[in-house]
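**Student:** Below you'll find the structure I mean.
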Amino acid sequence: GGGGGSGPRRENVTRAWEPPAASEAPEAPPTARQPTAQAVAAAQRLELMAANLSWGLSLVGSCSPEMWAQMMELMGRVVEEEEQKEAENEADGTRGGGSRGVLKLLPDEALRQLYQAYMHMQLDHPNAVLALGPPGLLEHAAEVWRFRSTWAAQVSQLQQQVSEALTRLGLNHSVERLIDEGDFSIDLAVELNVPISKVASGGGPSRVKGRPSSADTEQRHQGIAFQDSQDVSPEAIVPSSKRHGKSARKKVTPSPPTPTSTSATNTTTQVIRIAVEVDGPSHFTANTLQPLSPTIYRRRCLENRGWVVVSVPYWLWNQCRTATGGGSTSSGMAEQEEALLLRLMREEGLGEVIEAVTAG
49 GGGGGSGPRR
59 ENVTRAWEPP
69 AASEAPEAPP
79 TARQPTAQAV
89 AAAQRLELMA
99 ANLSWGLSLV
109 GSCSPEMWAQ
119 MMELMGRVVE
129 EEEQKEAENE
139 ADGTRGGGSR
149 GVLKLLPDEA
159 LRQLYQAYMH
169 MQLDHPNAVL
179 ALGPPGLLEH
189 AAEVWRFRST
199 WAAQVSQLQQ
209 QVSEALTRLG
219 LNHSVERLID
229 EGDFSIDLAV
239 ELNVPISKVA
249 SGGGPSRVKG
259 RPSSADTEQR
269 HQGIAFQDSQ
279 DVSPEAIVPS
289 SKRHGKSARK
299 KVTPSPPTPT
309 STSATNTTTQ
319 VIRIAVEVDG
329 PSHFTANTLQ
339 PLSPTIYRRR
349 CLENRGWVVV
359 SVPYWLWNQC
369 RTATGGGSTS
379 SGMAEQEEAL
389 LLRLMREEGL
399 GEVIEAVTAG
């Protein structure tokens with residue numbers, strides 16, 4: 049009996065010295081140099097919060113250059129920490145995501161917000177030297193923003209209707225015109241060569257024929273108040289600063305390019321750039337129909353780049369299409385649409401210019 053019992057005991061001893069299976073092996077604790085998933089997620093959250101906060105503050109004109117610098121510094125610290133971890137990982141033979149990897153972890157929406165905030169800061173603080181943040185951050189954000197401007201732009205039915213009305217008026221235009229390397233896509237872009245006259249003293253071009261003087265333009269840029277559709281009269285023109293909202297800064301009048309001489313005597317021409325923006329419900333508050341802050345800043349950005357912005361609010365367009373009671377092919381409705389466009393352009397100081405073009 050004793051011999052029979054020794055076999056199993058030897059077998060147990062032998063098995064006791066066998067190494068555990070790979071699935072049963074205890075997990076090695078992470079080294080201090082190897083970043084954990086929690087650390088990467090924390091870094092991502094910090095950058096996401098900084099991007100969102102800078103965007104929100106810029107939309108209400110409350111992000112100072114100093115605060116912007118603090119946001120960029122915060123992002124820079126996160127990137128520096130990741131760069132240090134990357135260097136340590138390479139020394140250990142371990143590869144990590146690095147600073148560029150952390151930047152790429154930011155969702156596209158956060159990157160778009162960051163670049164949009166940067167453009168708002170440039171507009172509100174034109175003389176300030178703005179911090180650029182960690183290397184590659186704004187460049188990557190610009191790529192994401194421009195990709196959306198280039199590929200995500202869609203032509204709505206309302207935009208198509210306004211385009212057809214412009215064509216009937218004889219105003220050639222391009223749809224979803226990209227400007228500034230794709231920073232913006234203009235709904236309907238009209239470019240007109242307009243004759244201007246020279247002053248008798250030879251001091252350069254004076255007033256564009258049919259275009260208001262600089263003082264008139266400054267007053268005109270105050271715009272009209274967007275009111276509830278039930279209270280808006282098709283013929284009403286109400287001067288108000290509400291068009292560009294309380295966050296608007298000093299208006300920058302679009303600067304025309306250098307006039308091109310077309311006559312040896314007293315006639316030159318210049319290009320007038322008109323951005324016809326077809327603004328649907330997403331551009332306004334629901335009840336009071338006030339333009340939202342992103343829409344306000346978009347208009348200001350376009351004006352700052354030399355475009356005269358003509359907004360076509362959706363409710364005014366719907367009013368003129370239903371005023372005649374006709375169908376979609378009603379000649380009366382077409383006349384109403386064209387009259388509305390001419391009125392909106394006159395309100396932007398383009399009346400005589402447009403009338404001269406359409407008359408020809």
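Everything in the sequence shown is counted per our numbering, starting at 49 for the first residue and increasing by one.
We treat Cβ as the ideally placed atom computed from N, Cα and C, and that holds for glycine.
(1) By Cβ distance below 7 Å, which residues in the same chain neighbour Ala117 in space, the five residues on each side in sequence not counted?
(2) Provide the residue(s) that pair with Arg321 in DSSP beta bridges, ordered along the chain.
(3) On the premise that Ser341 lies in contact with Val108, defined as a C-beta separation below 8 Å, what is that separation, rounded to the nearest angstrom?
(4) How would you write the range of the alpha helix (DSSP H) that Trp192 sits in, first residue to last?
(5) Is the segment 220-236 close to the segment 378-397, with three or more CB pairs under 8 Å?
(6) Comparing C-alpha positions only, which one of Glu239, Ala190, Leu337, Ser378 sits nearest to Val357?
(7) Are the Cβ atoms of Met123 and Ala98 separated by less than 7 Å?
(8) For Arg194, which residues from the same chain have a beta carbon less than 8 Å from its beta carbon, with the 5 sequence-adjacent residues on both sides left out?
(9) Closer than 8 Å is the cut-off here; do at least three beta carbon pairs connect the segment 336-354 with the segment 162-180?
(10) Just to confirm, is the Cβ distance from Leu154 to Glu212 under 7 Å?
(11) Relative to the C-alpha of Glu385, which residue among Leu214, Thr343, Tyr163 is closest?
(12) Excluding the five sequence neighbours on either side, which residues of its own chain have a C-beta within less than 6 Å of the C-beta of Ser359, listed in chain order?
(13) Between which residues of its own chain and Arg369 is the CB-CB distance below 6 Å, once the five residues before and five after are set aside?
(14) Taking the beta carbon of Asp156 as the centre, do at least 16 other beta carbons fall within 10 Å, making it buried, or is it exposed?
(15) Shortest alpha-carbon distance to Leu398 belongs to which of Ile322, Ser197, Val177, Pro361?
(16) Excluding the 5 residues preceding and the 5 following Glu191 in the sequence, name in chain order all residues of the same chain whose CB lies nearer than 7 Å to its CB.
(17) Using the C-alpha atoms, what's the distance from Val126 back to Gln278?
(18) Just tell me which of Cys111, Gln367, Val319 has its CA closest to the CA of Gln164.
(19) Taking C-beta to C-beta, are Ser102 and Met119 nearer than 7 Å?
(20) Can you give me the Cβ contacts of Ala158 inside the same chain, cut-off strictly under 7 Å, excluding the 5 residues immediately before and after it?
(21) Would Ala189 pass as a contact of Ser233 if the rule is Cβ separation under 7 Å?
(22) When you compare only the Cα positions, how much space is there between Arg353 and Glu383?
(23) Which residues mark the beginning and the end of the alpha helix (DSSP H) in which Pro342 is found?
(24) When you compare the CB positions of Asp235 and Gln205, do they come within less than 7 Å of one another, or not?
(25) Along the chain, where does the beta strand (DSSP E) containing Ser359 start, and where does it finish?
(26) In this structure, how does DSSP classify Ser102 when only helix, strand and coil are distinguished?
(27) Where DSSP assigns a beta bridge to Ile227, which residues make up the other side?
(28) May I ask you to list the residues that DSSP assigns as paired with Ser222?
(29) Identify every residue that forms a DSSP beta bridge with Asp327.
(30) Considering only the alpha carbon of each residue, which of Thr343, Gly184, Met167 lies closest to Ala176?
**Tutor:** In this structure, then:
(1) So the qualifying residues of the chain are Ala179.
(2) Glu239
(3) Rounded, the Cβ-Cβ distance is 7 Å, consistent with contact.
(4) According to the sequence displayed, residue 192 carries Val and not Trp. Boundaries of the alpha helix (DSSP H) harbouring Val192: 185-199, taken from the DSSP string.
(5) no
(6) Comparing Cα-Cα distances from Val357 to each of Glu239, Ala190, Leu337, Ser378, the minimum goes to Glu239.
(7) yes
(8) Glu229, Gly230, Asp231
(9) Contact between the segment 336-354 and the segment 162-180 is present, with at least three C-beta pairs closer than 8 Å.
(10) The beta carbons of Leu154 and Glu212 sit no closer together than 7 Å.
(11) Closest option to Glu385, judged by alpha-carbon separation, among Leu214, Thr343, Tyr163: Leu214.
(12) Glu325, Asp327
(13) Met381
(14) exposed
(15) Ile322
(16) none
(17) Note that Gln278 scores a pLDDT of 38, beneath 50, so its modelled location is shaky; the value from the coordinates is reported in the next line. Approximately 52 Å between the Cα atoms of the pair.
(18) Among Cys111, Gln367, Val319, the Cα nearest to that of Gln164 is on Cys111.
(19) Against a cut-off of 7 Å, the Cβ pair of Met119 and Ser102 comes out as a contact.
(20) Leu96, Ala99, Asn100
(21) no
(22) When rounded, the distance between both Cα atoms is 32 Å.
(23) 341-352
(24) No; because the gap between Cβ atoms is not below 7 Å, this pair is not in contact.
(25) 356-361
(26) helix
(27) Phe232
(28) DSSP, once it has assigned bridges, lists Ala237 as partnering Ser222.
(29) In DSSP, Asp327 forms a bridge with Pro361.
(30) Met167
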